[in-house]
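Undergrad: Residue numbers (the working numbering): 5 to 277. Yeah, the Cβ is synthetic: ideal placement off N, Cα and C, and Gly gets one too. Please see the structure below; I have some questions.
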Ligand SMILES: C[S@@+](CC[C@H](N)C(=O)[O-])C[C@H]1O[C@@H](n2cnc3c(N)ncnc32)[C@H](O)[C@@H]1O
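Given below as structure tokens:
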């Protein structure tokens with residue numbers, strides 16, 4: 005079986021793809037697998053123009069979710085270095101399957117982070133969900149690396165004298181989702197700031213990052229912006245093509261034109277907001 009390039013993404017099922025990565029070869033896994041919630045790429049939500057959302061999202065049936073999670077996580081465990089870390093995003097619906105797979109696969113839980121975003125889908129008979137869970141785990145807690153001054157040093161303070169480093173290290177992260185008005189997009193994407201934060205605390209330049217469920221390719225694109233190598237998989241051809249185009253052209257956002265035109269007013273790996 006041919007081994008994979010650590011700086012390449014692949015249009016294939018990650019269950020097969022991860023078998024081609026050597027054991028203990030990855031420094032960091034960041035991933036946002038399907039949540040098993042009957043997600044449809046064009047459901048009316050997120051206040052967006054449906055026609056710009058690329059369809060085809062590969063969802064997992066709820067009854068298969070526990071087994072699906074065990075399968076991909078076992079493969080991620082094999083390829084992660086002892087000094088490595090993994091960050092897994094999850095909604096609340098199937099969180100129990102993610103937590104049991106973490107234990108079953110032999111990961112050690114470091115933090116249970118809450119990512120609080122700026123809005124959820126309005127509800128009439130229950131509270132609005134406006135957070136995701138992010139499980140920060142590792143194989144070996146003694147060997148795991150953590151660069152705790154990566155974003156703020158101990159002397160950085162806000163105007164009230166509060167420590168910025170302490171605030172940044174709290175386990176509730178208030179980070180806004182990105183709106184890509186007028187641009188082509190996939191239905192779910194993690195904001196750049198969220199990925200940057202994880203990369204800066206857990207890796208150094210040149211390290212290898214893995215995302216088995218690439219979607220729009222955010223993890224790969226932001227890794228490249230920060231000079232990390234990234235290998236990843238996406239099973240849906242349209243999403244893979246979208247991610248690959250962003251990476252090959254060094255463009256953070258693509259315009260929704262046909263044939264595709266790259267946005268001249270958008271910076272090359274510059275400010276994404
Ligand atoms: C929640 S999305 C990832 C979004 C991504 N984090 C982003 O920021 O764009 C999950 C992705 O996993 C893909 N997927 C589902 N099953 C897969 C599999 N077995 N192998 C690879 N990709 C898969 C889906 O098509 C979907 O694009």
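1. Ligand 1 and residue 251: does any heavy atom of the ligand fall closer than 6 angstroms to the residue's C-beta?
2. Does the Cβ of residue 98 have 16 or more other Cβ atoms within 10 Å, making it buried, or fewer, making it exposed?
3. Taking DSSP as the reference, what is the three-state secondary structure of residue 18?
4. Quick check: residue 39 and residue 233, are their CB atoms within less than 7 angstroms of each other?
5. What span of residues does the beta strand (DSSP E) with residue 215 cover, start to end?
6. Residue 113 lies in the beta strand (DSSP E); which residues open and close that run?
7. My parser needs the alpha helix (DSSP H) runs of 4 or more residues fully inside the region 189-260; what are they?
8. Can you grab the Cα-Cα spacing for the pair residue 167 / residue 156, in whole Å?
9. Figure out for me which residue from 103, 217 and 110 has the closest Cα to the Cα of residue 78.
10. DSSP on residue 24, reduced to helix/strand/coil?
11. Going by DSSP, which residues form a beta bridge with residue 33?
TA: With the given structure in hand:
1. Position 247 of the chain shown holds residue 251. No.
2. In the chain shown, counting from the first residue as 1, residue 98 sits at position 94. Buried.
3. Position 14 of the chain shown holds residue 18. Residue 18: helix per DSSP, three-state reduction.
4. On the chain shown, residue 39 is found 35 positions in, with the first residue counted as 1. On the chain shown, residue 233 is found 229 positions in, with the first residue counted as 1. Not closer than 7 angstroms, so no.
5. As a working mapping, residue 215 is identified with position 211 in the chain shown. Taken as a continuous stretch (DSSP letters only), the beta strand (DSSP E) holding residue 215 covers 212-215.
6. What you label residue 113 is simply residue 109 of the chain shown in a count that begins at 1. Unbroken beta strand (DSSP E) run through residue 113: 112-120.
7. 196-206, 222-229 and 241-252
8. For the purposes of this step, residue 167 is identified with residue 163 of the chain shown, where counting begins at 1. For the purposes of this step, residue 156 is identified with residue 152 of the chain shown, where counting begins at 1. Distance between the alpha carbons of residue 167 and residue 156: 9 angstroms.
9. Indexing the chain shown from 1 puts residue 78 at position 74. Minimum Cα distance to residue 78 is reached at 110.
10. Counting from 1 along the chain shown, the entry for residue 24 is found at position 20. Here residue 24 sits in helix by DSSP.
11. Working through the chain shown from its first residue, we reach residue 33 at position 29. Paired residues: 90 and 214.
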